[in-house]
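J.: The structure under discussion is supplied below as structure tokens; questions concerning it will follow.
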Amino acid sequence: MSRYLCIACEVFARPLYSLAATSPNVIDIQLVQRSLHDEPNKMRPKLQKKIDMMEDRGYEAVLLGYGLCGNGTLGLQARTVPLVIPRVHDCIAMLLGDAKRYADEFEKTPGTYWFTQDFAERSDEEGKFRSLGPIPDEALAKQYDVFVTQYGKDNAEYLIETLGSWQRRYQRAAFLDMGVLEPDGYKTKLEADSERFDWAFEAITGDLKILRGLLNGDWAKKDAKNFIVIPPGSSVDITYDKHVFRCTPG
Amino acid sequence: MDKIVKEIYDAVVNGNASGVKTKVQAALDAGVNIESLLNEGMIAPMKEVGELFETGEYFVPEMLIAARAMQAGMTLIRPVLLAQDIKPAGKVVIGTVKGDLHDIGKNLVSMMLEGAGFEMIDLGTDVSPEKFLEAIQAHQPDIVGISALLTTTMTNMDATLRYFEEHKVRDQVKVIIGGAPVTQAYANTIGADGYAPDANQAAALARQLMAA
Chain A
6 MSRYLCIACE
16 VFARPLYSLA
26 ATSPNVIDIQ
36 LVQRSLHDEP
46 NKMRPKLQKK
56 IDMMEDRGYE
66 AVLLGYGLCG
76 NGTLGLQART
86 VPLVIPRVHD
96 CIAMLLGDAK
106 RYADEFEKTP
116 GTYWFTQDFA
126 ERSDEEGKFR
136 SLGPIPDEAL
146 AKQYDVFVTQ
156 YGKDNAEYLI
166 ETLGSWQRRY
176 QRAAFLDMGV
186 LEPDGYKTKL
196 EADSERFDWA
206 FEAITGDLKI
216 LRGLLNGDWA
226 KKDAKNFIVI
236 PPGSSVDITY
246 DKHVFRCTPG
Chain B
3 MDKIVKEIYD
13 AVVNGNASGV
23 KTKVQAALDA
33 GVNIESLLNE
43 GMIAPMKEVG
53 ELFETGEYFV
63 PEMLIAARAM
73 QAGMTLIRPV
83 LLAQDIKPAG
93 KVVIGTVKGD
103 LHDIGKNLVS
113 MMLEGAGFEM
123 IDLGTDVSPE
133 KFLEAIQAHQ
143 PDIVGISALL
153 TTTMTNMDAT
163 LRYFEEHKVR
173 DQVKVIIGGA
183 PVTQAYANTI
193 GADGYAPDAN
203 QAAALARQLM
213 AA
């Protein structure tokens, strides 16, 4: 039995709590808001601060529930205990349980917007379930009004059209069912919403393999290829290939 | 500067597309010098827009509407430039890398380069190495611009450059790259000729590469 601290994005909340409860190890979980996804340059100092604050608390390792996340984890430094990160680009690979499976899904339909229960429940917008797409209808209407006031109606229409244009190129809404609990009405709502955007809807069964391996200490095994262990003093670096990460000695 | 050119300048900076269109037409009808119209009425205000963006006074929406206003003017100016055989600052083929469907950043770069006097050939999103190669052969550009928003697609930039090498066109063009996850370090790793962190600096980079 080991004692670990897991610092993770809140999109993993329910699976992580569930896995921690049944892990042979003692795991403390610290969730970080998912909106940092949009701002990798803020993610890095925020995560480093959390890592630093947890020094000398008796943890044997700090486990990161993050991937490369738009370079948001690059440069993070392990202090007095090892830092462990799954070798994935983002949460989707993590929830699919396999980087290869993600690559295949991506190849098949690059224009996929992925959803999970935690993603919806832990929205920064006053806890409301989000409509499909990153901009909820109410927020979009509000944004339009602001643009009209600032730049006139003609420009406002152009801006809304331009800033939302990616939605027309997306083709699929994928709901990742992690099997942790019955998704309630969320799946049905997504299905209805995806019709509105003319996106195909697909429910895909996730796989907790990577998250479970992270908490259970699979990374300590000799042939653990899904994780990188950054020893104390070293930091996280990028490889630009399937390994995603490498370690830079401090 | 002509009074009407100054008005066009202001209309571009303020993102007033219909105003630019009306005034450019009036300037053309009045026989205003076409190079002055291009340089003072289109390129100069876009340079100011770029600087306002750099200093944090302008954000993406202001840049987009200014570029749209500039484009409204360019639609009228371009045929005249062509008729008078006035050459662009350079020719650029631009596109989002294979597998990536995002283009707001790429479009901004494209508009800022157009605003800097470049002729733009925009291939859109999800552009395969093959499509880039075809465009190089068809248009003989000076510069190829490649963008990516995702770390998962960014590495296709490397594959694209290797494809150019295989087909012996790499030396014919300067390749510039950009997009949220892209860094100077990555540009160095794959041997791109340049990297810019934003649309304004991309325009400066393109000018610099043309002068080299």
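If you read the sequences in order, they're chains A and B.
Under my numbering, read the first sequence as residues 6 to 255, first letter to last.
Under my numbering, read the second sequence as residues 3 to 214, first letter to last.
Glycine residues also receive a C-beta, built at the ideal position from the N, C-alpha and C atoms.
Excluding five sequence neighbours on each side, which residues of the same chain lie with their C-beta closer than 8 Å to the C-beta of L125(B)?
T.: V95, I96, G97, K133, F134, A137
J.: Would the segment 205-223 of chain A count as touching the segment 101-110 of chain A if we require 3 or more Cβ pairs under 8 Å?
T.: Contact holds: three or more Cβ-Cβ distances are below 8 Å.
J.: Tell me which residues share the same chain as V184(B) and place their Cβ nearer than 7 Å to its Cβ, disregarding the 5 neighbours each side in the sequence.
T.: A150, M156, Y197
J.: How long is the line joining the alpha carbons of Q172(A) and V86(A), rounded to whole angstroms?
T.: 43 Å
J.: Say whether chain B places a C-beta atom closer than 7 Å to the C-beta of R174(A).
T.: yes
J.: Between I45(B) and A29(B), is the Cβ-Cβ spacing less than 7 Å?
T.: no
J.: Please report the Cβ distance between A213(B) and L115(B), rounded to the nearest whole angstrom; I am assuming they are in contact, meaning their Cβ atoms lie under 8 Å.
T.: Their Cβ separation, rounded to whole angstroms, is 15 Å, which puts A213(B) and L115(B) out of contact at 8 Å.
J.: With S149(B) as the anchor, note down where its beta strand (DSSP E) starts and where it stops.
T.: 145-149
J.: Between the C-alpha atoms of G116(A) and N35(B), what's the straight-line distance to the nearest angstrom?
T.: 47 Å
J.: How far does the beta strand (DSSP E) with K176(B) in it reach, from first residue to last?
T.: First-last of the beta strand (DSSP E) with K176(B): 176-180.
J.: Taking 7 Å as the CB-CB limit, is G116(A) close to chain B?
T.: With 7 Å as the cut-off, G116(A) counts as an interface residue toward chain B.
J.: At a CB-CB cut-off below 9 Å, which residues of chain A make contact with Y188(B)?
T.: I243, Y245
J.: Where does S240(A) sit, in a helix, a strand or coil, going by DSSP?
T.: strand
J.: State buried or exposed for Y22(A), treating a residue as buried only when at least 16 other CB atoms are found within 10 Å of its CB.
T.: exposed
J.: How should F61(B) be labelled, buried or exposed, when 16 other C-beta atoms within 10 angstroms of its C-beta is the threshold for buried?
T.: exposed
J.: Would a check of beta-carbon distances place N231(A) closer than 7 Å to chain B?
T.: no
J.: Anything in chain B within Cβ reach of F152(A), meaning under 8 Å, just list it in chain order.
T.: Per Cβ cutoff of 8 Å: P63.
J.: Determine the extent of the beta strand (DSSP E) in which Y118(A) is found, giving its start and end residues.
T.: 117-120
J.: Taking Y180(A) as the reference, which of N46(A), D43(A), L10(A), K194(A) has the closest Cα?
T.: Looking at the sequence provided, one finds Phe at residue 180(A) rather than Tyr. Nearest C-alpha to F180(A): K194(A).
J.: Quick check: is the beta carbon of G138(A) nearer than 7 Å to any beta carbon in chain B?
T.: Since pLDDT at G138(A) reaches only 48, below the 50 mark, its modelled position is unreliable, and no value is offered.
J.: With H, G and I counted as helix, E and B as strand and the rest as coil, what does DSSP make of R135(A)?
T.: The predicted position of R135(A) is uncertain, since its pLDDT is 45 and thus under 50; no value can be drawn from it.
J.: What's the gap between the Cα of K147(A) and the Cα of Y163(A)?
T.: 15 Å
J.: So, with DSSP's three-state summary, where would you put E207(A)?
T.: strand
J.: Anything in chain B within Cβ reach of H94(A), meaning under 7 Å, just list it in chain order.
T.: T153, T154
J.: Within 10 Å of its beta-carbon, does R201(A) have 16 or more other beta-carbons around it, so buried, or fewer, so exposed?
T.: exposed
J.: For the segment 191-208 of chain B, which residues have a CB atom closer than 9 Å to at least one CB atom of chain A, in sequence order?
T.: Result list: T191, I192.
J.: Provide the residue span of the beta strand (DSSP E) that contains P91(A), from first to last.
T.: 88-91
J.: Could you name the residues of chain E that S20(B) contacts, counting a contact when the two beta carbons are closer than 8 Å?
T.: Going by chain labels, chain E is absent from the structure shown, which instead holds the protein chains A and B.
J.: Grab the span of the beta strand (DSSP E) containing E121(B) for me, first residue to last.
T.: 121-124
J.: Going by alpha carbons, who is nearest to T191(B) out of I243(A), G218(A), S199(A), I165(A)?
T.: I243(A)
J.: Three-state secondary structure (DSSP) at F215(B)?
T.: A query on residue 215(B) cannot be resolved here, the shown segment of chain B reaching from 3 to 214 and no further.
J.: For a contact defined as C-beta to C-beta under 8 Å, what are the partners of Y101(B) on chain A?
T.: It should be pointed out that residue 101(B) corresponds to Gly in this sequence rather than to Tyr. Under a criterion of Cβ atoms nearer than 8 Å, the residues of chain A adjacent to G101(B) are, in order, F111, E112, P115.
J.: Where does A179(A) fall in DSSP's three states?
T.: strand
J.: So which residues of chain B does L73(A) contact, with C-beta pairs closer than 7 Å?
T.: Neighbours of L73(A) on chain B, chain order: T153.
J.: Leaving aside the five residues before and after G138(A) along the sequence, list all residues of the same chain whose C-beta is less than 6 Å from its C-beta, in chain order.
T.: At G138(A), the pLDDT of 48 sits below 50, so the modelled position is not reliable and the matter cannot be decided from this model.
J.: Does the CB of T193(A) have a neighbour CB from chain B at under 7 Å?
T.: no
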